[in-house]
Amino acid sequence: MKKRPYKSLVRQRQASDTRRRIVEATRQLLQSEGYAGMTIEAVAQRAEVSAQSVYAIFKSKTGILTELLDQSTFGPDYDDAVRQAMSASDPETRLRIAARIARQIHDAQSATFDLLRGAGVVAPELARLEEQRESLRYERQEKMIISLRAAGRLRPGLDHRTARDIFWMFTGRDVYRMLVREREWSPQKYQDWLADALVQSILTRGKTNPNRKRP
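For the sequence shown, the working numbering begins at -19 and goes up steadily by one.
Next up, the structure:
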């Protein structure tokens, strides 16, 4: 006998609510008790779930912190911006929206990493979390480069891998940190500069790329 769809949907919603409560409990504990006080048992008690449930969903404290970063970084606003970028017919518009997405990501991540540092999360753990986020960001960016190549707008002599690396580098957290956090640029100034840098470094000005391979 097949499971009723609405029962499956209810379970999905319950699971999503449980994850959200656990992550929010983690955020509150980091703010009030620090990383040392953010034990699995304390998280479970504040989220009103069992410790076994927390372990089953996230496996470890690192798993919860990863989810905390993901929720702050790749939330509904991120998804909406990506859809807007990929639906734009003009490649330059796509890259300018990508600059806005990069700003959104780094604004959100900076606040969360500040919380983690203030809570006493150890440096190796932070480095591992940041490396995971950077790898994920690199993976998610590939479809942008594919779309630019398909439109024939990659700069002459720029292959797919190099274009992807340049895009990843310019939109990286280190560039944001140096300009916004260290040189005290406003986030809007960073976004405007990044948009221009991406367009000038990746796109050809013509309608098509003369080096594009035709089928």
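From the three backbone atoms N, C-alpha and C, an ideal C-beta is built for every residue, glycine too.
Item	Value
Min CB distance ALA131 to chain C below 9 Å	Reference to chain C is not applicable here, since this structure consists of a single protein chain.
Distance between SER115 and ALA16 (C-alpha atoms, nearest Å)	27 Å
C-alpha gap between LYS123 and TYR170, whole angstroms	23 Å
Nearest residue (CA-CA) to GLY14, options ARG83, ALA31, ILE81, ASP94	ASP94
Proximal residues to VAL160 (C-beta, below 7 Å), its chain only, five neighbours per side dropped	PRO167, TYR170
Residues of its chain near GLU72, where Cβ-Cβ distance is below 7 Å and the 5 sequence neighbours each way are ignored	VAL179, LEU183
N- and C-terminal bounds of the alpha helix (DSSP H) containing THR42	41 to 53
CB-CB length for ALA99 against LEU10, believed under 8 Å	4 Å
Buried or exposed (CB count within 10 angstroms, at least 16 for buried), VAL(-10)	exposed
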